[in-house]
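Written out below as structure tokens is the structure these notes cover.
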Amino acid sequence: MAGADPQTPPMLEVRGLDVHYGAIQALHDLSLSVKKGQIVTLIGCNGAGKTTTLRAISGIVRPSGGGVFYEGASITAAPPYRLVRMGIAHSPEGRGIFSNLSVSENLDLGAYARSDHDEIARDRERSLTLFPRVRERLKQNAGTLSGGEQQMLAIARALMARPRLLLLDEPSLGLAPQIVQTIFKIIREINERGTTILLVEQNAHMALKVAHYAYVLEVGRIAMADEAAVLEKSDAVRKAYLGVG
Amino acid sequence: MDQFLQTFKDGIAIGSLYALIALGYTMVYGILKFINFAHSDVVVLGAWLSLVIARQAEAAMGWGAVGTASGAAPWWFGGVVLVAAMLLCGVLGFAIERLAYKPLRKAPRLNVLITAIGVSLLLQNSGQLPAFFGTKPKSIPPLVPDTVLFSIGQVQFRVLDFAVVGTALLFMIGLDWLVFRTKVGRAMRAVSHSPTNAGLMGIPVDRVISFTFVLGSMLAATGGFLWALKYTQVKQPADTSWTLLGLKAFVAAVVGGIGNIRGAMLGGLTIGMLEQFGSAYLRSSLADVYVFGLLILVLLFRPGGILGSAAVDKV
Ligand SMILES: Nc1ncnc2c1ncn2[C@@H]1O[C@H](COP(=O)(O)OP(=O)(O)OP(=O)(O)O)[C@@H](O)[C@H]1O
Ligand SMILES: [Mg+2]
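Chain order of the listed sequences is Z and A. Residues 40 to 284 (the working numbering) are what the first sequence spells out, left to right. Residues 4 to 318 (the working numbering) are what the second sequence spells out, left to right.
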């Protein structure tokens, strides 16, 4: 397993996180860690708290307890734009496309925090090679893209930040099975090129296939955690999330 | 023919001032979704600072009025006054946002609106203190020669006319370029669409908001400066003519499509033309009625404004 050296501290560590929305507690004492070089997936039903976990990691919501550590340093409640500069890109739920900007402008926004123009141009080329559909539509208004194309744009844009850690929130949501296959193939490719990924998914089947390690979230708490291959075979997961057994 | 040309000229002049001021309302609305009622007071401050700076500097340097035989201020002096007023108003805009609006980022919209009215009243009333402007109108020394460049029929075109309209148009074109062609402009448009997602792009959202306020306040200062230049006399900060100016610029922003910067420019020129043509050809006493009548029509039939619903670029 890539980078599974027990000596090295995890790239990302979430320790005892509590998150409240007003009176509602969305996360209860949640801990998880992501090892460098891996794909770690967080699966769970609607409302389990997957999106909230990512939002707390990237500083959009302020946790009421616990902490988030990235490469050994606390990033708890740091403003989101700082994290981008530290190498964390978050492709949010709902894709976060700026529909008032062109596809090309959306793509460029991914590299907002960077100023190495030659390297940006190279990454742009790389992203567009991964997603030829996006290239064909560069001049178009981003709001006019189909859902699948928007998802491709969102991932391509996240790559423009040249992240070391990529947070993906339901990249397969609402996509046709064939496009889902493509997206997951690309997620694996991105990982093989060295980007660590924390993947939130409802499509447990695909997520467990692509991931090295997995966490199962149930109403704001980690219910199970193990190697993805192990969880895929466990009866509890098969019943509740894979619809078999 | 003369009357038409004269009216057209006046419409462009006043319309470009409305447009300049409307931009500040529309930019702040685009990015924070509230009406910054204190914006027109920054315009007043711009006019007033221009006046004070011009007077002080001319007294200190022993300059007479532009155009007088000896010791006139150099031609670029007006530019220096404008830049100084812009910088000071920019600082004020920054301070207003930081002190009054930023603490309310998560508060209900109504709280922010009430705060904006409070800031407006504070600026108006403190401006009336003897230590600041006082309550009597004052006149700004002429910074631009009033010489006639050419005439068409009876209509005279003066250096001042070109200075006012030229400066206003230049700033509008500059802003359009900034918003649609630069990195910071792209960030402004992104923040206007979704501050949260803009943050995820690595955009420092609070800094972009501050920048927007500074920019809007600088345009307001320019509006105030040009207003003082055009009308010479600067009324006291709480004078109703200022309120009306701010209100019409706001109407221009709504008519063009609030949140849309090209809409604000178009709206400003539309309102200026309507007001001038209405009073020249219909009844001059009803000038304000035409403006607010148009507002009602737009709100009834095209609530998003002229460019509002069709255009997608909002700032
Ligand atoms: N802004 C909010 N205000 C109040 N409650 C919220 C807010 N956002 C999320 N919640 C609540 O927090 C809980 C967790 O929501 P979250 O969006 O993290 O779930 P999720 O696992 O991502 O679900 P899904 O798979 O449907 O996206 C839910 O009960 C939800 O109703
Ligand atoms: Mg979610």
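Each residue gets a CB set at the ideal place from its N, CA and C atoms; glycine is no exception.
Please report the Cβ distance between A:A1 and A:F40, rounded to the nearest whole angstrom; I am assuming they are in contact, meaning their Cβ atoms lie under 8 angstroms. In this structure chain A extends from 4 to 318, so residue 1 of chain A is not present and cannot be described.
Can you tell me where the beta strand (DSSP E) holding Z:I78 begins and where it ends? It spans 78–83 - the beta strand (DSSP E) in which Z:I78 sits, taken as one unbroken run.
Under 9 angstroms between C-beta atoms of Z:F137 and A:S213: The beta carbons of Z:F137 and A:S213 sit no closer together than 9 angstroms.
Straight-line Cα distance separating A:Y104 from A:L3: Here chain A has residues from 4 to 318 only, and residue 3 of chain A is not among them.
What do you get for Z:D274, buried or exposed, if any count of 16 or more other CB atoms within 10 angstroms of its CB means buried? So Z:D274 ends up on the exposed side.
Can you confirm whether A:K2, when its beta carbon is compared against all beta carbons of chain Z, has any partner nearer than 9 angstroms? Nothing can be reported for residue 2 of chain A, as the shown portion of chain A is limited to 4 through 318.
Which same chain residues end up closer than 8 angstroms to Z:A152 when comparing Cβ atoms and leaving out the 5 residues on each side of it in sequence? By the criterion of a C-beta distance shorter than 8 angstroms, Z:A152 is surrounded in its chain by Y120, V123, R124, A200, once the five residues flanking it on both sides are discounted.
Local Cβ density within 10 Å of A:F295, reported as buried at 16 or more and exposed below that: Answer is exposed; the Cβ neighbour count stays below 16.
Members of the stretch 74–108 of chain Z that neighbour chain A once the beta carbon cut-off is set at 7 angstroms: Within the stretch 74–108 of chain Z, the qualifying residues are S97, I99.
Using a C-beta to C-beta distance shorter than 9 angstroms, which residues of chain A count as neighbours of Z:G149? The contacting residues are M204, G205.
Excluding the 5 residues flanking A:N114 on each side, which residues of the same chain have their C-beta closer than 7 angstroms to its C-beta? Excluding residues within five positions, the ones whose Cβ falls inside 7 angstroms are L107.
Which runs of the alpha helix (DSSP H) at least 4 residues long sit entirely within the stretch 124–170 of chain Z? Give them in chain order. Complete alpha helix (DSSP H) runs here, min 4: 142–148, 156–169.
If you draw a straight line from the C-alpha of A:L285 to the C-alpha of A:L125, how long is it? When the Cα atoms are used, A:L285 and A:L125 turn out to be separated by approximately 38 angstroms.
Amino acids of chain Z, ordered along the chain, whose beta-carbon sits closer than 8 angstroms to that of A:A193: Residues of chain Z passing the Cβ test: F137, L140, L148.
Report the three-state DSSP secondary structure of Z:M50 (helix, strand or coil). When secondary structure is reduced to three states using DSSP, Z:M50 falls in the coil class, being assigned neither helix nor strand.
With distances taken Cα to Cα, identify the nearest neighbour of A:W51 among A:G137, A:N263, A:R184. The residue with the shortest Cα to Cα distance from A:W51 is A:G137.
If the cut is a Cβ gap below 9 angstroms, which residues of chain B does A:A190 touch? Here the protein chains are Z and A, and chain B is not one of them.
For the beta strand (DSSP E) containing Z:S72, list its first residue and its last residue. Here the beta strand (DSSP E) through Z:S72 covers 63–73.
Helix, strand or coil, according to DSSP, for A:A75 in the structure here? The three-state reading of DSSP puts A:A75 in strand, counting E and B together.
Is the Cβ-Cβ distance between A:I143 and A:A231 less than 9 angstroms? It is a contact, given that the beta carbons lie within the stated cut-off.
Determine, using beta-carbon pairs with one atom in the stretch 91–99 of chain Z and one in the stretch 165–180 of chain Z, whether at least three such pairs fall under 8 angstroms. No, because fewer than three Cβ pairs between the stretch 91–99 of chain Z and the stretch 165–180 of chain Z fall closer than 8 angstroms, the two stretches do not touch.
With DSSP as the reference, identify every bridge partner of Z:Y109, one or two as the case may be. According to DSSP, Z:Y109 shares a beta bridge with Z:L51, Z:A112.
Quick check on Z:H59: does DSSP put it in helix, strand or coil? If DSSP states are grouped into helix, strand and coil, Z:H59 belongs with the strands.
By Cβ distance below 7 angstroms, which residues in the same chain neighbour A:P140 in space, the five residues on each side in sequence not counted? Within the same chain, A:P140 has close Cβ partners Q236, V237, K238, Q239.
What's the call for Z:R94, buried or exposed, on a 16-neighbour Cβ count within 10 Å? In the assembly as shown, Z:R94 is a buried residue. Its beta-carbon has 16 or more other beta-carbons within 10 Å.
Ligand 1 heavy atom lying under 8 angstroms from the CB of Z:Y60: Yes, the Cβ of Z:Y60 comes within 8 angstroms of a heavy atom of ligand 1.
From the DSSP secondary-structure annotation, give me the bridge partner or partners of Z:E266. DSSP, once it has assigned bridges, lists Z:Y252 as partnering Z:E266.
Where A:R184 and A:M191 are concerned, what is the direct C-alpha to C-alpha distance, given to the nearest angstrom? Using only the alpha carbons, I get a separation of about 11 angstroms.
Any chain Z beta carbon closer than 9 angstroms to A:T215: Residue contact with chain Z for A:T215: absent (no Cβ-Cβ distance below 9 angstroms to any residue of chain Z).
Return the CA-CA distance between A:V162 and A:G169, expressed in angstroms with no decimal places. In a straight line, the C-alpha of A:V162 is about 10 angstroms away from that of A:G169.
Could you please tell me which residues of the stretch 187–214 of chain Z, in chain order, have their CB closer than 7 angstroms to any CB of chain A? Only those residues of the stretch 187–214 of chain Z whose C-beta falls short of 7 angstroms from the nearest C-beta of chain A are listed: A200.
If you draw a straight line from the C-alpha of A:A252 to the C-alpha of A:G33, how long is it? In this structure, the alpha-carbon of A:A252 lies about 16 angstroms from that of A:G33.
Mind checking if A:V315 is an interface residue toward chain Z, Cβ cutoff 9 angstroms exclusive? Only weak support exists for where A:V315 lies, its pLDDT of 40 falling under 50; the coordinates are left without a value.
Spatial neighbours of Z:A267 in its chain, beta-carbon cut-off 7 angstroms, leaving aside the 5 residues before and after: Beyond the five residues adjoining it in sequence on each side, Z:A267 comes within less than 7 angstroms, by CB distance, of T80, L247, A250, H251, Y252, A253 in the same chain, given in chain order.
Enclosing alpha helix (DSSP H) for A:I56 [first to last residue]: That run of the alpha helix (DSSP H) goes 42–64.
List the residues of chain Z that A:T199 touches, going by C-beta distances under 7 angstroms, in chain order. Per Cβ cutoff of 7 angstroms: I99.
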